[in-house]
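Here the structure is laid out as structure tokens; the discussion comes afterwards.
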Amino acid sequence: MEKKQIKTTRIWLAYIGLSLAVFSWAINTVIAKAVISEIKPMTLSFYRWLTALIIILPFALSHLKTDGRLIRQHLGFLFVLAVPSVAAYNSILYFGAQYTTATNISLVAATMPVMTILLSWMMNKKKPRLIQSMGVMISISGMLMIIAKGSRHLLLNLSFNPGDLLIVLSIASWAFYSVLLKKRQIDISPISFLTVLICLGTICILPFYVWEFFVFKGFEINLVNISIFLYLGIFPSILSYIFWNYGVRTAGASIASVFMYLLPVFTALIASVFLKESLYPYHLYGGFLIFLGLLLSSFQRV
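Under this note's numbering, think of the first position of the sequence shown as -4, with each following residue one higher.
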């Protein structure tokens, strides 16, 4: 009985952790939209990951020493992983936030599992089941409905908001990282893996940040901006990763993936309060198609 109670407690802790991880990512999206006019995309991305690196490094040093040989052996592949995940994904998302709403970002980002499945089929050359193909097509239809704002005219004329297209590119970047990660595992500790990716990704972002700094002259250093970087560096970059991994290990990957459906819900609620964003019918219809497609495509996921 005691073991059953402990297991139940662990499951509930996993659910809470998964919810907190998704909630943190939702706040990241809203913050990006709120500050992007004052803090440019590469600056926001660079200081987010630099903050995360400074915080995580003291905890990772002993693990990095233990895993040093394997890290050096796989450094090239780790760099390839760092580019689409740390360097590209959020940087492109922050660029997209200049032109689209936080609600749109979260709804389009909800297609990430489908994008991952699609890239996995292409890269692994595996034939999908019919129900999976239908799910992918339905989710993409929902994404196109949101990008085209429910307008057939915009869709037929390919007249899309550039911000929405950048969000599609950003989730494709993360999906590419996910497929690469699945194809080849490296036997190092999770904290070493995360620290190395953050370090390599931050190095990749650095030259773009330097260019942006000289062109746009940086940003104002004040308590609000420092608090933003601390939040971005601690919560969506480190703690959410830890919460999510605990949830996957405890509740399982299939259960954890369902919690991603909360991302548009959390983002829409937070954005409506702080950014005064409105929900339109095409958000609801497109969101329904995305989630329906996700459910169908999750059958025997590749």
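Backbone N, C-alpha and C fix where the C-beta goes; we use that ideal spot for every residue, glycine too. Computed from a prediction, not measured in an experiment: that's the story for all the values here.
Nearest to V205 by alpha carbon, out of V243, L56, M118, L39? Against the sequence shown, residue 205 aligns to sequence position 210. Nearest to V205 by C-alpha distance, out of V243, L56, M118, L39, is L39.
To the nearest angstrom, how far is it from the Cα of V109 to the Cα of I6? Reading the sequence shown from its first residue, position 114 is the one you call residue 109. Reading the sequence shown from its first residue, position 11 is the one you call residue 6. Taken atom to atom, the span from the alpha-carbon of V109 to that of I6 is near 26 Å.
Out of curiosity, what's the CA-to-CA distance linking L59 and I229? Residue numbering aside, residue 59 sits at position 64 when the sequence shown is read from its first letter. Residue numbering aside, residue 229 sits at position 234 when the sequence shown is read from its first letter. Distance between L59 and I229, taken at the CA atoms: about 20 Å.
To the nearest angstrom, how far is it from the Cα of L195 to the Cα of Y84? Here residue 195 refers to the residue found at position 200 of the sequence shown. Here residue 84 refers to the residue found at position 89 of the sequence shown. Each residue's Cα considered, the two are about 14 Å apart.
How many angstroms separate the CA atom of Y94 from the CA atom of S14? Here residue 94 refers to the residue found at position 99 when the sequence shown is read from its first residue. Here residue 14 refers to the residue found at position 19 when the sequence shown is read from its first residue. About 28 Å.
Could you give the distance in angstroms between the alpha-carbon of W20 and the alpha-carbon of T262? On the sequence shown, position 25 is the one that residue 20 refers to. On the sequence shown, position 267 is the one that residue 262 refers to. Rounded to whole angstroms, W20 and T262 show a C-alpha spacing of 9 Å.
Determine the burial state of P259: buried for a count of at least 16 other Cβ atoms within 10 Å of its Cβ, exposed for fewer. In the sequence shown, residue 259 corresponds to position 264, counting from 1. Under this definition P259 is a buried residue.
Hey, which unbroken runs of the beta strand (DSSP E) at 3 residues or more fall wholly within the segment 66 to 142? DSSP runs (the beta strand (DSSP E)) wholly in the segment 66 to 142: none.
Alpha carbon to alpha carbon, how far is L8 from G145? Give it in angstroms, no decimals. For the purposes of this step, residue 145 is identified with residue 150 of the sequence shown, where counting begins at 1. For the purposes of this step, residue 8 is identified with residue 13 of the sequence shown, where counting begins at 1. Cα to Cα, the separation comes out at about 39 Å.
By a C-beta neighbour count over all protein chains shown, 10 Å radius and 16 as the cutoff for buried, is S32 buried or exposed? Against the sequence shown, residue 32 aligns to sequence position 37. Exposed, by the Cβ-count rule.
Are K28 and E207 close, meaning C-beta to C-beta below 7 Å? Locating residue 28 in the sequence shown gives position 33, where the first residue counts as 1. Locating residue 207 in the sequence shown gives position 212, where the first residue counts as 1. Not a contact, by the Cβ cut-off of 7 Å.
Residue from N119, K212, P276 with nearest C-alpha to R179: Indexing the sequence shown from 1 puts residue 179 at position 184. The shortest C-alpha separation from R179 is found at N119.
In the DSSP assignment, the alpha helix (DSSP H) including L258 goes from what residue to what residue? The residue given as residue 258 occupies position 263 in the sequence shown. Boundaries of the alpha helix (DSSP H) around L258: 257 to 269.
Using a 10 Å radius around the Cβ and a threshold of 16 neighbouring Cβ atoms, would you call D62 buried or exposed? Counting from one through the sequence shown, the residue named residue 62 turns up at place 67. Result: buried.
Which two residues bound the contiguous alpha helix (DSSP H) that contains P231? Taking the first residue of the sequence shown as 1, we reach residue 231 at position 236. Premise fails: P231 is in no alpha helix (DSSP H) and is neither H nor E.
My output table needs one value for E272: the three-state DSSP class, helix, strand or coil. On the sequence shown, residue 272 is found 277 positions in, with the first residue counted as 1. Here E272 sits in coil by DSSP.
Let me make sure I understand the geometry here. Which of V103, L48, F18 has the alpha-carbon closest to that of S165? Here the question's residue 165 lines up with position 170 in the sequence shown. When each option's Cα is compared against that of S165, the closest is V103.
Could you spell out the range, first to last residue, of the alpha helix (DSSP H) harbouring I166? Reading the sequence shown from its first residue, position 171 is the one you call residue 166. For I166, the enclosing alpha helix (DSSP H) stretches over residues 157 to 178.
Quick one, which of I181, Y172, F269 has its alpha-carbon nearest R67's? Sequence index remark: in the sequence shown, residue 67 carries index 72 (1-based). The shortest Cα separation from R67 among I181, Y172, F269 belongs to I181.
So, S134 versus G288, is the Cβ gap smaller than 7 Å? Within the sequence shown, residue 134 is the residue found at index 139, counting from 1. Within the sequence shown, residue 288 is the residue found at index 293, counting from 1. Taking 7 Å as the cut-off, the Cβ atoms of S134 and G288 count as close.
Rounded straight-line distance, which links the Cα of V131 to that of L113: Start at 1 with the first residue of the sequence shown, and residue 113 comes out as number 118. Start at 1 with the first residue of the sequence shown, and residue 131 comes out as number 136. C-alpha separation (whole angstroms): 7 Å.
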